[in-house]
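Have a look at the structure below, then the notes.
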Amino acid sequence: MIPSQQGGGTMKLVDAVEEFIVAKQADGRAPRTIEDYRRVLLPFASWCKERDIADIASLNRNHIRNYVAHLRQKGWAEGTVAIHVRNLRTFLRWCHLEGLHPENLALAVKAPKTRPREEALPTPEELALFFHACKGEDFLSRRDLALALTLLDTGLRVGELVLLTVDAVNLDGRGGHVKVYAPKTRSWRYVFLGSVATAALQAYLAERMKKRRPCWGEALFVGLRGPLTEQGVYKALRRRAEEAGLPPEKFHPHIWRKMFATFWLEGGGDTVRLKRIGGWKTEAMLEIYVVTAERRDLAEAHRRFGPVDRLAEALGLELDRDGD
24 MIPSQQGGGT MKLVDAVEEF IVAKQADGRA PRTIEDYRRV LLPFASWCKE RDIADIASLN
84 RNHIRNYVAH LRQKGWAEGT VAIHVRNLRT FLRWCHLEGL HPENLALAVK APKTRPREEA
144 LPTPEELALF FHACKGEDFL SRRDLALALT LLDTGLRVGE LVLLTVDAVN LDGRGGHVKV
204 YAPKTRSWRY VFLGSVATAA LQAYLAERMK KRRPCWGEAL FVGLRGPLTE QGVYKALRRR
264 AEEAGLPPEK FHPHIWRKMF ATFWLEGGGD TVRLKRIGGW KTEAMLEIYV VTAERRDLAE
324 AHRRFGPVDR LAEALGLELD RDGD
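Quick note on the working numbering: the sequence shown kicks off at 24 and runs consecutively.
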């Protein structure tokens with residue numbers, strides 16, 4: 024632990040950042056959370072150094088507000104700015120509680136209020152094209168089909184998917200379940216597979232067994248040179264989308280989690296069990312999926328019952344579908 028005093032003076036800001044990170048590691052924060060703290064606080068310390076703000080006690084409310092304004096001027100997405108502000112406020116609050124600063128400078132800026140970005144989900148036609156691009160008997164085709172169906176049928180985060188091992192999977196002819204570790208929450212849960220996803224996973228596992236390589240270890244999803252990484256999942260999904268003639272950016276790993284939640288709700292599933300299967304902490308975190316499912320339901324209802332299209336022929340309003 025870094026001493027809280029530097030030669031009788033106040034602690035240097037960079038030292039305060041390091042002490043904060045050590046404290047959070049001791050509290051058991053997840054590695055990804057620790058990395059987020061570094062990613063946010065080290066640029067903040069550099070910004071302060073450029074303005075000759077060396078000691079933590081030299082910080083004031085104006086510095087914090089100016090820094091947050093500086094972040095917003097970068098043109099970042101609101102969600103990205105929110106991550107920086109949220110972690111910065113956590114650090115400043117900790118500095119006050121530890122006696123490193125007489126004031127809680129976290130109060131200088133408001134806690135960010137953001138809602139998850141709603142984005143258009145792939146259509147059934149696009150999904151059909153995507154899965155058609157995965158239909159093949161070679162190793163990578165079987166892997167990519169099993170991978171995509173597993174994501175869609177379980178709602179796994181990509182960070183959870185790449186940690187799966189072969190022995191975590193239990194399959195039979197009708198379905199299966201998978202024991203999942205969530206690094207984000209440092210917890211375990213079970214997710215489940217239907218018969219279609221199970222069949223795809225069984226076909227992949229059979230192919231994996233034929234081509235077994237020592238470098239794969241016990242990882243469930245693997246590439247030719249080792250266990251599949253998060254970046255590897257991104258690349259595999261993008262490649263299949265491109266082969267299908269679809270926009271690859273639309274088929275990022277998290278869209279499958281969004282589809283899982285939305286389709287669950289559209290099918291009449293409840294939020295209580297969805298929260299448990301998907302590993303969300305609160306039902307409030309599901310709001311965006313509830314909104315998306317409701318919007319899609321309303322759009323379908325309007326297609327069926329909207330008065331103008333329904334009465335267009337009788338009103339002499341039919342359009343030339345060729346656009347003339």
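Note that CB positions come from ideal geometry on N, CA and C, so glycine has one too.
Mapping the DSSP letters down to three states, classify Q195 as helix, strand or coil.
Counting from one through the sequence shown, the residue named residue 195 turns up at place 172. Sequence inspection shows Asp at residue 195; the Gln mentioned does not correspond to that position. Strand at D195.
Compute the Euclidean distance between the alpha carbons of R166 and H119, then round it to the nearest angstrom.
Taking the sequence shown and counting its residues from 1, one reaches residue 166 at position 143. Taking the sequence shown and counting its residues from 1, one reaches residue 119 at position 96. In a straight line, the C-alpha of R166 is about 51 Å away from that of H119.
Buried or exposed for R235, please, with buried defined as at least 16 other CB atoms from any protein chain shown within 10 angstroms of its CB.
On the sequence shown, residue 235 is found 212 positions in, with the first residue counted as 1. Its Cβ having fewer than 16 others within 10 Å, R235 is exposed.
Evaluate the contact criterion for the region 207-224 versus the region 51-70: three or more CB pairs, one atom per stretch, below 8 Å.
yes
Please determine, among L186, K273, R263, D293, the residue with the shortest C-alpha to C-alpha distance to L243.
For the purposes of this step, residue 243 is taken as residue 220 along the sequence shown, with counting starting at 1. Checked all of L186, K273, R263, D293; the closest Cα to L243 is L186.
For R319 and G292, the rounded distance between their alpha carbons:
For this step, residue 292 is matched to residue 269 along the sequence shown. For this step, residue 319 is matched to residue 296 along the sequence shown. Answer to the nearest angstrom: the Cα atoms are 15 Å apart.
Could you tell me the boundaries of the beta strand (DSSP E) in which R212 lies?
As a working mapping, residue 212 is identified with position 189 in the sequence shown. First-last of the beta strand (DSSP E) with R212: 210-216.
Could you tell me whether the Cβ atoms of R261 and P271 are closer together than 8 Å?
Within the sequence shown, residue 261 is the residue found at index 238, counting from 1. Within the sequence shown, residue 271 is the residue found at index 248, counting from 1. Contact: yes.
Inter-residue Cα distance where the pair is I44 and L65
Locating residue 44 in the sequence shown gives position 21, where the first residue counts as 1. Locating residue 65 in the sequence shown gives position 42, where the first residue counts as 1. One C-alpha to the other measures close to 11 Å.
Assuming the contact rule is C-beta atoms closer than 8 Å, K258 and A264 should be a hit. Round their C-beta distance to whole Å, please.
In the sequence shown, counting from the first residue as 1, residue 258 sits at position 235. In the sequence shown, counting from the first residue as 1, residue 264 sits at position 241. Not really, about 11 Å apart at Cβ, beyond 8 Å.
If contacts are defined as beta-carbon pairs under 8 Å, then V63 and I106 qualify, I think. What distance do you get, rounded to the angstrom?
Within the sequence shown, the letter at position 40 stands for residue 63. Within the sequence shown, the letter at position 83 stands for residue 106. 7 Å between Cβ atoms; contact.
If I measure Cβ to Cβ from A129 and keep anything under 7 Å in the same chain, skipping five residues before and after, which residues do I get?
As a first step, residue 129 is located in the sequence shown; it is residue number 106 there, counting from the start. R112, L115, R116, listed in sequence order.
Determine whether the beta carbon atoms of C71 and L123 lie at a separation below 8 Å.
Here residue 71 is taken as the residue at index 48 of the sequence shown, counted from 1. Here residue 123 is taken as the residue at index 100 of the sequence shown, counted from 1. Between C71 and L123, the C-beta spacing is not below 8 Å.
Would you tell me roughly how many angstroms separate the C-alpha atoms of V219 and N110, rounded to the nearest one?
Here residue 219 is taken as the residue at index 196 of the sequence shown, counted from 1. Here residue 110 is taken as the residue at index 87 of the sequence shown, counted from 1. Taking the straight line from one Cα to the other gives about 42 Å.
By how many angstroms is the C-alpha of V91 removed from the C-alpha of A284?
To locate residue 284, count along the sequence shown from 1; it is residue 261. To locate residue 91, count along the sequence shown from 1; it is residue 68. Cα to Cα, A284 sits roughly 34 Å from V91.
Just the Cα atoms here: how many angstroms apart are A156 and L94?
Locating residue 156 in the sequence shown gives position 133, counting from the first residue. Locating residue 94 in the sequence shown gives position 71, counting from the first residue. If I take the Cα positions, the gap works out to 41 Å.
Separation of V295 from A316, as counted between CA atoms
Your numbering for residue 316 matches position 293 in the sequence shown. Your numbering for residue 295 matches position 272 in the sequence shown. Distance between the alpha carbons of A316 and V295 is about 16 Å.
P276 to A337 span [Cα, whole Å]
For this step, residue 276 is matched to residue 253 along the sequence shown. For this step, residue 337 is matched to residue 314 along the sequence shown. Cα to Cα, the separation comes out at about 47 Å.
From W287 to A80, what distance separates their C-alpha atoms?
Position 264 of the sequence shown, counting from 1, holds the residue named residue 287. Position 57 of the sequence shown, counting from 1, holds the residue named residue 80. W287 and A80: Cα-Cα distance of roughly 51 Å.
Give a yes or no on whether the C-beta atoms belonging to L216 and L228 are separated by under 8 Å.
The residue given as residue 216 occupies position 193 in the sequence shown. The residue given as residue 228 occupies position 205 in the sequence shown. Cβ atoms of L216 and L228: not closer than 8 Å.
Is the beta carbon of A267 less than 8 Å from the beta carbon of L179?
Walking along the sequence shown from the start, residue 267 turns up at place 244. Walking along the sequence shown from the start, residue 179 turns up at place 156. Against a cut-off of 8 Å, the Cβ pair of L179 and A267 comes out as no contact.
Inspect the beta-carbon positions of T188 and E241 and report whether they are closer than 8 Å.
One-based indexing of the sequence shown puts residue 188 at position 165. One-based indexing of the sequence shown puts residue 241 at position 218. For T188 and E241, yes; Cβs fall inside 8 Å.
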